[in-house]
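Protein chains: 2
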Amino acid sequence: MMSDFSAWTQACQARIEHVLAERLPPSDIAPKRLHEAMRYAVLGGGKRVRPLLAFAAGDVTGAAVEQVQHAAAAVELIHAYSLVHDDMPAMDDDALRRGKPTVHVEFDEPTALLVGDALQSLAFDILASPGLAQAASTQLAMVQLLARASGSRGMAGGQAIDLANVGKSLDLTELEFMHIHKTGALIRASVLLGAECGTLSEPARTALDHYAKCIGLAFQVVDDVLDAEASTATLGKTAGKDAANNKPTYVSLLGVQRARERALELRADACAALDPLGPSARRLRELADFVVERTF
Amino acid sequence: MMSDFSAWTQACQARIEHVLAERLPPSDIAPKRLHEAMRYAVLGGGKRVRPLLAFAAGDVTGAAVEQVQHAAAAVELIHAYSLVHDDMPAMDDDALRRGKPTVHVEFDEPTALLVGDALQSLAFDILASPGLAQAASTQLAMVQLLARASGSRGMAGGQAIDLANVGKSLDLTELEFMHIHKTGALIRASVLLGAECGTLSEPARTALDHYAKCIGLAFQVVDDVLDAEASTATLGKTAGKDAANNKPTYVSLLGVQRARERALELRADACAALDPLGPSARRLRELADFVVERTF
């Protein structure tokens, strides 16, 4: 029998897929090829970890899923745009993503560039839709939070640091600084944006913020372990590319065994942060397990 | 003696330069190279036509320049990001912009990609700053307006249509459809966002919207004439590249003489739309002249 958690994740994934399919422009209106490529980039793939975190955080603050789903879609679109640009020849030059040819391979490079650009715009369009939070001023703060998590002091900045580090030896502090930007900022935004759709107290914000920071790092540690150990077929994207690109990773710094332990420590820290929130944080706890125990 | 209009444009240009310099992250904080490249892409160049339109539209609705300047900066950052991505090898592959090497030439391609991405995020960060409009709900609508003007049914969509049209013969209707998206959407956003910082009545919105659509097209007609006639040195960007790229333009469709006449007709239409607004629309009228009479 399917566990309650599995049923919940599947329901969330179906919901976010539906919202994304509705909010992405249809591929029969102009510019058709761009719209087709945007839908190709976003729909039908991925674990939707960021939307799951947003829904779980919304549970803590009593947010309505009908509102959280738009915040979740906005974050997922930012994530999707970053993958499209990241895979381009000027960056990682990768041909495979989520088991399918990457956008610049399936379409072409100019289209991939515009797909990423337009997905970012669409994320802010959706996050600014009327009525996502109880007050318009809260929602403006949500827009600013996502913009900062995406920009040069968030995700895009993390990618710049990553590029600058290729072939360099980093210590753990420098590696974590990179990941806090590259992956962590958007994971944190997922949690906080989901929570902001409900009634978020200051102590709850502090707890969720700490949880999100730990989960963001744990997510990256696990990703590094997966990249080092899994096959391309299982992963749905090119495996072993960090080592091939001579990129520093948790595995290259700590070894696989110690990296796994680090992921478990981060999970424990994340869950400890949730203690004051009681049973409303159940899905967030389950997601912490899910992130760390991803099978491969 | 400097004309009153020249003094006004110079004051607006100095103001927007100051706001952009303040809101762009300093190049001495990490990631330094990305921040340096963002500042390189944005500061010290361009006529700032979009900010000028925002300030002029703010005059109509009694908006405070201290508020309009942030909306103006947001639009200018979207424009700047589009130039950086447009110049990349995957798109127009251009080496010169505003008389300087383009970002991917001065820095590198991955940096140019991230600069564009991060400038777009920064635009929404700034537009969501507290207190730009009288009501937070108005400001949310402003965020959505800019997102739509930038995205696949606005500027990015126009670029996709432009790419799809290379080497094709278009009629005037198809050419205008492309430009309404590629340039027109952001010009329209400049005018409406500036106006939304004040008190915008429905009749004024309709008038400004019509003005903006005419000016957006006029701007593009003049750009095509400039591209066909000016030298690279005068233009500060590669001249004659539309013809070299076999791109349809107003000049290729209408010839230079008829294209100039079309620009004058559009200016007349734009100014007629402003009639109900009286003297408060003076700067918008002067900008219509400025756009059409750019010297070359």
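Those protein sequence lines, which keep their order, are chains A and B. Position one of the first sequence corresponds to residue 1 (my numbering), numbered consecutively onward. Position one of the second sequence corresponds to residue 297 (my numbering), numbered consecutively onward. Every residue, glycine too, gets a C-beta built ideally from N, C-alpha and C. Fair warning: this is a prediction, and the values are worked out from it, not measured in the lab.
{"Asked": "G184 of chain A Cβ short of 8 Å to the ligand NAD heavy atom set", "Found": "Questions concerning the ligand NAD fall outside what the structure shown contains, since it holds no ligand whatsoever."}
{"Asked": "Cutoff 9 Å: I457 of chain B Cβ touching any chain D Cβ", "Found": "The chain labelled as chain D is not found among the protein chains of the depicted structure, namely A and B."}
{"Asked": "Any C-beta of chain A under 9 Å from that of T407 of chain B", "Found": "yes"}
{"Asked": "Burial state of S190 of chain A, where buried means 16 or more other Cβ atoms lie within 10 Å", "Found": "buried"}
{"Asked": "Opening and closing residue of the alpha helix (DSSP H) in which R148 of chain A lies", "Found": "136-150"}
{"Asked": "8 Å CB neighbourhood of L20 of chain A in its chain, flanking five on each side removed", "Found": "V42, L43, A73, E76, L77"}
{"Asked": "For P347 of chain B, the residue or residues it bridges with in DSSP", "Found": "For P347 of chain B, which the question treats as bridged, DSSP gives no partner whatsoever."}
{"Asked": "One or two residues paired with K100 of chain A in a DSSP bridge", "Found": "A:R97"}
{"Asked": "Residue environment, Q10 of chain A, which counts as buried when at least 16 other CB atoms sit within 10 Å", "Found": "exposed"}
{"Asked": "Contact check, A164 of chain A vs P327 of chain B, beta carbons under 9 Å", "Found": "yes"}
{"Asked": "Reduced DSSP category for F296 of chain A - H, G, I as helix; E, B as strand; rest coil", "Found": "Residue placement at F296 of chain A cannot be trusted, given a pLDDT of 39 that sits under 50; the coordinates are not used to answer."}
{"Asked": "Counted within 10 angstroms of its Cβ, other Cβ atoms place F296 of chain A as buried (16 or more) or exposed", "Found": "Legend: pLDDT at F296 of chain A = 39, less than 50; position of this residue unreliable, no value from coordinates given."}
{"Asked": "Cα-Cα separation, I325 of chain B to F107 of chain A", "Found": "37 Å"}
{"Asked": "Option nearest K182 of chain A by Cα separation, candidates A:F219, A:T206, A:G131, A:D209", "Found": "A:F219"}
{"Asked": "Any 3 or more C-beta pairs closer than 8 Å across the stretch 416-435 of chain B and the stretch 136-143 of chain A", "Found": "yes"}
{"Asked": "Distance between E405 of chain B and L83 of chain A (C-alpha atoms, nearest Å)", "Found": "16 Å"}
{"Asked": "Contact with chain B by L208 of chain A, beta-carbon distance below 9 Å", "Found": "no"}
{"Asked": "C-alpha gap between D293 of chain A and C214 of chain A, whole angstroms", "Found": "In the sequence on display, residue 293 of chain A carries Glu and not Asp. If you take the alpha carbons of E293 of chain A and C214 of chain A, they lie about 15 Å apart."}
{"Asked": "C-beta atoms of L186 of chain A and M178 of chain A nearer than 9 Å", "Found": "no"}
{"Asked": "C-beta atoms of G194 of chain A and T111 of chain A nearer than 9 Å", "Found": "no"}
{"Asked": "Contacting positions in the stretch 477-497 of chain B - beta carbon closer than 9 Å to chain A", "Found": "H477"}
{"Asked": "Sequence-distant residues of its chain with Cβ nearer than 6 Å to A376 of chain B (five each side left out)", "Found": "A337, V338, L415"}
{"Asked": "Identity of the residue in B:L570, B:A566, B:L573 nearest V587 of chain B by Cα", "Found": "B:A566"}
{"Asked": "Classification of H366 of chain B by the beta-carbon crowding that lies within 10 angstroms, buried from 16 upward", "Found": "buried"}
{"Asked": "Anticipated Cβ contact below 8 Å, L208 of chain A with A57 of chain A, distance rounded", "Found": "6 Å"}
{"Asked": "Neighbour list for S446 of chain B in chain A, Cβ cutoff strictly below 7 Å", "Found": "S121"}
{"Asked": "Listed by chain order, chain A residues near D247 of chain B by CB distance under 7 Å", "Found": "Absent from the model: residue 247 of chain B. The displayed extent of chain B is 297 to 592, so no value can be given."}
{"Asked": "4 or more residues per run - each alpha helix (DSSP H) lying fully within the stretch 358-394 of chain B", "Found": "361-382"}
{"Asked": "Buried or exposed (CB count within 10 angstroms, at least 16 for buried), P51 of chain A", "Found": "buried"}
{"Asked": "Whole runs of the alpha helix (DSSP H) within the stretch 446-526 of chain B, excluding any shorter than 4 residues", "Found": "451-461, 468-475, 481-492, 498-525"}
{"Asked": "Within chain A, the residues that G453 of chain B reaches when beta carbons sit closer than 9 Å", "Found": "P25, A30, P31, L34, H35, L114, A118"}
{"Asked": "Short Cβ contact (9 Å threshold) for T88 of chain A with L114 of chain A", "Found": "In the sequence as displayed, the identity of residue 88 of chain A is Met instead of Thr. Not in contact: M88 of chain A and L114 of chain A (Cβ atoms no closer than 9 Å)."}
{"Asked": "Helix, strand or coil at S121 of chain A according to DSSP, with G and I counted as helix", "Found": "helix"}
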